[in-house]
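Just so you know, we're using UniProt numbering here: the sequence shown kicks off at 1 and counts up by one. Everything below concerns the one structure shown next.
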Amino acid sequence: MAVRKEMATGEEELHGVLIVGGGICGLATALALHIKGIDSLVLEKAESLRATGAGISIKVNGWRALEQLKVSEELRKLAVNLTGMDRKDIHDDRVKKVSYRSECRCLKRSDLVETLARHLPGGCIRFGCQVEAISLDAVTRCPIVSTSDGSTIRAKVVIGCDGANSVVAKFLGLKPTRSLPMWAARAMTTIPEGHSFRNRFLNLVSEGISFRLVPMDDKTVYFAAIQRRPPKERTNIRDPALIRHAALQAMQGYPEDVLDVVRSCDLSTMSLAQICYRPPWHLVFQPFQEGTVTVAGDAMHAMGPFIGQGGSSSLEDAIVIARRLAQTKSDDGAKGIEKALVSYVKERRVRILRLSVQAFLNGQLIVATSKLMKVLIRAALAVLFAGNSDRHSDFDCGSL
């Protein structure tokens, strides 16, 4: 799979493994393959490394994957270990305290992306490369990737790590992701004198909004204000100052120290995005692989941020797909690679289905307006997950 033959722009290239998308999942997959001695080329449409979303929570299952990628120790130095969560309705004095039994840290997305990229060999990432279409050779069934600059790239393997609106997923025939009537305003705030939130996740709720604040280190916090059904004119806001203003308007009555965090945020990290997901029932029979083409990360299992597993589950994907591909022999050919990808999909399907069901139900709990519906959703969560809402973190994707 180490084939690499590059041509001038507009001509055809030959590669062993092509990874579409240079986000967390794409870079982690490239690094996992590199550790196993498999060359890959990452095609990233942006002109530089991208880290949309400001912060990302990595739970213990994600740290196990990062250990396999040999970057865990340097990343641990960049974020504090969270000891638990405090959940409170702003109209109620009672606080529900939950202690974390295992490791959970919130990293800057830029730190994670840059660390993964730094451990890759030079020339592994091609920036400014927009994938327009994918097809299979009529004779060899070899994947053919067409890019916006007119280039054509043939590869033995194509792995789509290109997010919720994946070109690769579209080629595979996956149904489009759906959107919840919820928008998340996210940003980071640095408090020079240090913050007072200790090392605990803070979740404040009120009618129509859920506010989450996560310490990253002693001076920096990440927050997400998740709003339900904001006014129509707000859904397309791109100006960071207007996003902040809209969030503050929705947070009237919130504690002053929390409002100060939003007021003082780094506007360069502020973003607003509607929450999208793949319905769990789509994951049961969706074709995540055809020939030697497959998907990983959000392209495979986009889910809402309600259980904090989007990033960690993508890291798991990277480990599993690299392990499966490394088990193929050089003389196995396309059939051997296809068999490896079938095994990868089979191994991941049950895991991502379980995560997606839990994330979906938690999202519906916020969206639901009927008290009866909320009771039914809570009952379903209790039955399906045995009252242990954080059990998903105990998962181990195994070694490379």
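A virtual CB, placed ideally from N, CA and C, is assigned to each residue, including glycine.
- Sequence-distant Cβ neighbours of A241 in its own chain, meaning closer than 7 Å and more than five residues away, are L267.
- Relative to K156, the option among L341, M373, L353 and S393 whose CA is nearest is L341.
- Beta-bridge pairing by DSSP links K96 to R87.
- Non-local C-beta neighbours of I243 in its own chain, meaning closer than 7 Å and more than five positions away in sequence, comprise A185, I237, M270 and L272, ordered along the chain.
- In terms of CA proximity to V80, R105 leads the group R105, Q68 and V71.
- The beta carbons of L27 and L116 sit closer together than 8 Å.
- Contact annotation: the region 110 to 127 touches the region 30 to 40, with at least three C-beta pairs closer than 8 Å.
- In this structure, G160 and G21 form a Cβ contact; the two beta carbons are roughly 7 Å apart against a cut-off of 8 Å.
- Nearest Cα to D86 within the set E73, L78, G311 and Y100: Y100.
- The three-state reading of DSSP puts C142 in coil, since its state is none of H, G, I, E or B.
- Counting only the Cα atoms, V167 lies some 45 Å from E193.
- Excluding the 5 residues flanking it on each side, P280 has same chain C-beta neighbours closer than 8 Å at L353, S356, V357 and F360, in chain order.
- Annotation: the continuous alpha helix (DSSP H) that includes L376 extends over K371 to F385.
- Beyond the five residues adjoining it in sequence on each side, V261 comes within less than 7 Å, by CB distance, of T189, L213, V221 and F223 in the same chain, given in chain order.
- G336 and A380 have their C-alpha atoms roughly 41 Å apart.
- Assignment of G62 by DSSP, reduced to helix, strand and coil, places it in the helix class.
- Per DSSP, reduced to three states, the secondary structure at R126 is strand.
- Taking a C-beta distance under 8 Å as the contact criterion, M251 and I307 do not qualify as a contact pair.
- Looking at the DSSP output, Q227 bridges to W183 and I209.
- Cβ-Cβ separation between T177 and C25: approximately 15 Å, too far for a contact (criterion under 8 Å).
- Less than 8 Å separates the beta-carbon of F288 from that of V345.
- Annotation: the continuous alpha helix (DSSP H) that includes V342 extends over G333 to V367.
- E44 sits in coil when the DSSP states are folded into three classes, being neither helix nor strand.
- Residue pairing by DSSP puts Y277 in a beta bridge opposite R178.
- Here the alpha carbon of S40 sits roughly 36 Å from the alpha carbon of G363.
- Assigned with DSSP and collapsed to three states, K170 falls in helix.
- Counting other Cβ atoms within 10 Å of its Cβ, V383 stays below 16 and is therefore classed as exposed.
- Residue pairing by DSSP places V157 opposite V17 in a beta bridge.
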